[in-house]
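What follows is a single structure, written as structure tokens, with notes after it.
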Amino acid sequence: MTQACVLKPDAKGRITLGKLAKGVSSFHVMINSKKGQIILEPYTEIPLKESWLFNNKKALEQLNNGIKESAKGQVKYIEDFYTR
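For reference, each letter of the sequence shown is one residue, going 42 to 125 in the numbering used here.
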């Protein structure tokens with residue numbers, strides 16, 4: 042879905058994105074000087090300790106399959122992962 046809005050810069054030339062930037066931790070900025078465009082591509086970083094998952098295609102695929110199966114109710118209780 043595409044949305045459009047008008048943002049006015051303050052006296053120092055800054056704009057506030059407010060709710061438009063909810064959940065965003067940084068932006069990649071692209072400038073098209075021929076068209077006078079500034080394009081902001083939102084990014085969300087992930088913790089380093091979780092990055093291995095996105096670099097391991099097999100593990101990510103297994104995780105996604107597990108989530109899909111769970112959403113369909115295709116789950117089976119095995120046992121607790123730890124004992125007290």
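Glycine residues also receive a C-beta, built at the ideal position from the N, C-alpha and C atoms.
Rounded to whole angstroms, what's the CA-CA distance from residue i to residue j? Just pull it up for me.
{"i": "Ile56", "j": "Met42", "result": "23 angstroms"}
{"i": "Ser67", "j": "Lys76", "result": "24 angstroms"}
{"i": "Asn96", "j": "Ala52", "result": "44 angstroms"}
{"i": "Glu102", "j": "His69", "result": "27 angstroms"}
{"i": "Tyr118", "j": "Gly107", "result": "13 angstroms"}
{"i": "Gln44", "j": "Phe122", "result": "46 angstroms"}
{"i": "Gly64", "j": "Thr85", "result": "7 angstroms"}
As a quick exercise: from the options, pick the residue whose alpha carbon is nearest that of residue i.
{"i": "Leu81", "options": "Gly114, Trp93, Ala62", "result": "Ala62"}
{"i": "Met71", "options": "Gly107, Lys60, Pro83, Val65", "result": "Pro83"}
Which residues mark the beginning and the end of the beta strand (DSSP E) in which residue i is found?
{"i": "Leu104", "result": "Element bounds for Leu104: not the beta strand (DSSP E) but the alpha helix (DSSP H), 98-112."}
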